[in-house]
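Visitor: Input: one structure, supplied below.
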Amino acid sequence: MTSKVLPGGEIAVLGLAKSGSAVARLLLRNHHKVYASDGGSSPALAETAAALRALGARVDVGAHDLARIARASTVVVSPGIDPLAAPIAAARSARRPLVSEVEIALRFMPRSRVIAVTGTNGKTTTTALVGHLLRGIGNSAVDAGNIGTPLSEVAMLDSQPEWIALEMASFQRHDTPGLKPTVGVLTKLTPDHLDRNPSANEYYADKARLFANATPESRWVCNADDRRV
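Using the numbering used here, the letters of the sequence shown correspond one by one to residues 1014 to 1242.
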C-alpha cells in the first residue's frame, strides 16, 4: 500500500546523483512505483541503477523515457538538471507537478522542525553552525540538504530528529512549495546562478520564496548589512 502523503501512480525521479538516488529509495520504501532516469553514463550510475532495480524501480541510464515522464503522477527534479532539459520540458508540457527531493522528504517528516538556510554565500558554514548549536544544547538535530546529506536520507532514519538544519539553493526552493520553516535564515545576496535565472532579480526572488509560507509564529534571521537582503 502506498503512503498517503503523495498521489498514487508512478513517480518519476530525474537525476540519480546523491539526492535523486536517496529520494527514489525513500519512495520505494514507502511502496510507491518509481521510474528513475539519468542522462549520464558512468560506473557509479550503473551501480545506482542496479541497486534501484533490485528494489523494484524501472531505471534508465543514458536516456530519459519522455513519454513515461509525461504520464507520471509527480516528477521529482534533481537540482543539477538544466530547467530547459527535455525531460523537464516533457513534464511541464503534460502539466505534471515538478517538485524537489526536499519537498518529497519533508512530506514524510511532518513532526521535524526546520531551520532553513539560504543565501549566495555562507550557507554551508551557517547550516553546520546551526546544527552544532542545536545539538550542543541537547536537541536532536541533523544537518541536511546542500551541505552533503540528502534530506531523504534523514527521512529514512528509524527515529526522526526534532530539528533539521537545512541548507537550500535558490532553485531548490523554487520546487519546494510546501516548505514552511520554523526559522528561515538569509545570509547574503549577490548575483549568481544567472545561467538558471533570467536576471539577478529573478534569482533574488527565488531566495525570497523562503518566506512564502510565513506565519505569525515564523522567525527570520536576515543579514541587515546587505542592502539586497
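Every residue, glycine too, gets a C-beta built ideally from N, C-alpha and C.
1) So, at 6 Å on beta carbons, what are the nonlocal neighbours of Glu-1230 in its own chain, with the 5 sequence-adjacent residues on each side left out?
2) For Thr-1200 and Asn-1134, which I take to be in contact (beta-carbon distance under 8 Å), what is that distance rounded to the nearest angstrom?
3) For the alpha helix (DSSP H) holding Thr-1138, just list the boundary residues, first then last.
4) My guess is that Leu-1058 and Glu-1114 are in contact by the Cβ rule of under 8 Å, so how many angstroms apart are they, rounded?
5) What's the C-alpha gap between Ala-1030 and Thr-1138?
6) Taking Ile-1117 and Val-1036 to be in contact with their CB atoms under 8 Å, please state how far apart those CB atoms are, rounded to whole angstroms.
7) Between the stretch 1083–1103 and the stretch 1019–1030, do at least 3 Cβ pairs fall closer than 8 Å?
8) Spatial neighbours of Ala-1107 within its chain, please: CB distance less than 6 Å, with the 5 preceding and 5 following residues excluded, ordered by chain position.
9) CB-CB under 6 Å to Leu-1207, same chain, minus the five flanking residues each way: which ones, in chain order?
10) Give the DSSP-derived three-state secondary structure of Arg-1038 in the structure shown.
11) I'd like to know whether the C-beta atoms of Ala-1154 and Leu-1179 end up nearer to each other than 8 Å.
12) Quick check on the DSSP output: the beta strand (DSSP E) that includes Thr-1061 runs from which residue to which?
13) So, under 8 Å CB-CB, Arg-1042 and Met-1169 are touching, yes? Tell me the CB distance rounded to an integer number of Å.
14) Assign Leu-1192 to buried or exposed, taking buried as 16 or more other Cβ atoms, counted over all protein chains shown, within 10 Å of its Cβ.
15) So does Ala-1157 have its beta carbon nearer than 7 Å to some heavy atom of the ligand ZN?
Guide: Let's see:
1) Result list for Glu-1230: empty, nothing under 6 Å.
2) Contact between Thr-1200 and Asn-1134 holds: CB atoms are separated by about 6 Å, below the 8 Å threshold.
3) Per DSSP, the continuous alpha helix (DSSP H) segment holding Thr-1138 begins and ends at 1136–1149.
4) Here Leu-1058 is actually not in contact with Glu-1114; their C-beta atoms are around 17 Å apart, not less than 8 Å.
5) Their backbone Cα atoms lie some 23 Å apart in a straight line.
6) Right, the Cβ-Cβ distance comes to about 5 Å (below 8 Å), so this counts as a contact.
7) In this structure the stretch 1083–1103 lies against the stretch 1019–1030, because at least three pairs of beta carbons, one per stretch, are closer than 8 Å.
8) Taking Ala-1107 as the centre and dropping the five residues before and after it, the same chain places the C-beta of Ala-1083 closer than 6 Å to its C-beta, in chain order.
9) Any answer about Leu-1207 is weak, because its pLDDT of 44 lies below 50 and its placement is not dependable; what the coordinates show is given next. Excluding residues within five positions, none has a Cβ falling inside 6 Å.
10) Secondary structure at Arg-1038: helix, using DSSP grouped into helix, strand and coil.
11) Going by C-beta atoms, Ala-1154 is not nearer than 8 Å to Leu-1179.
12) Unbroken run through Thr-1061 is the alpha helix (DSSP H), 1056–1067; no beta strand (DSSP E).
13) Rounded, the Cβ-Cβ distance is 6 Å, consistent with contact.
14) Answer is buried; the Cβ neighbour count reaches 16.
15) What this structure holds is no ligand at all, so the ligand ZN is not there to describe.
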